[in-house]
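What follows is a single structure, written as structure tokens, with notes after it.
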Amino acid sequence: MTARTKTAPPVTKTGSPPYPFRTFWALLLLGVNLLVAAIYAGYLNI
169 MTARTKTAPP VTKTGSPPYP FRTFWALLLL GVNLLVAAIY AGYLNI
């Protein structure tokens, strides 16, 4: 086995991940999903 050098990590660090962008889309899709479920279940008559 060869010894590994600890000079550079195997994954490049480019900055902070875009969590606000992902959170926005996750909440938007969850809201649409709940709206469609409420219409389908008969809670909303649109």
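Using the numbering used here, read the sequence shown as starting at 169 and increasing by one per residue. Beta carbons are placed, not taken as given, at the ideal position from N, Cα and C, and that holds for glycine. The structure presented is a predicted model; accordingly, all values stated were derived computationally and were not measured.
In this structure, DSSP gives Y187 a helical state, which the three-state scheme calls helix.
Taking 8 Å as the cut-off, the Cβ atoms of A206 and L212 count as close. Rounded to the nearest whole angstrom, the C-alpha separation of P178 and V200 is 39 Å.
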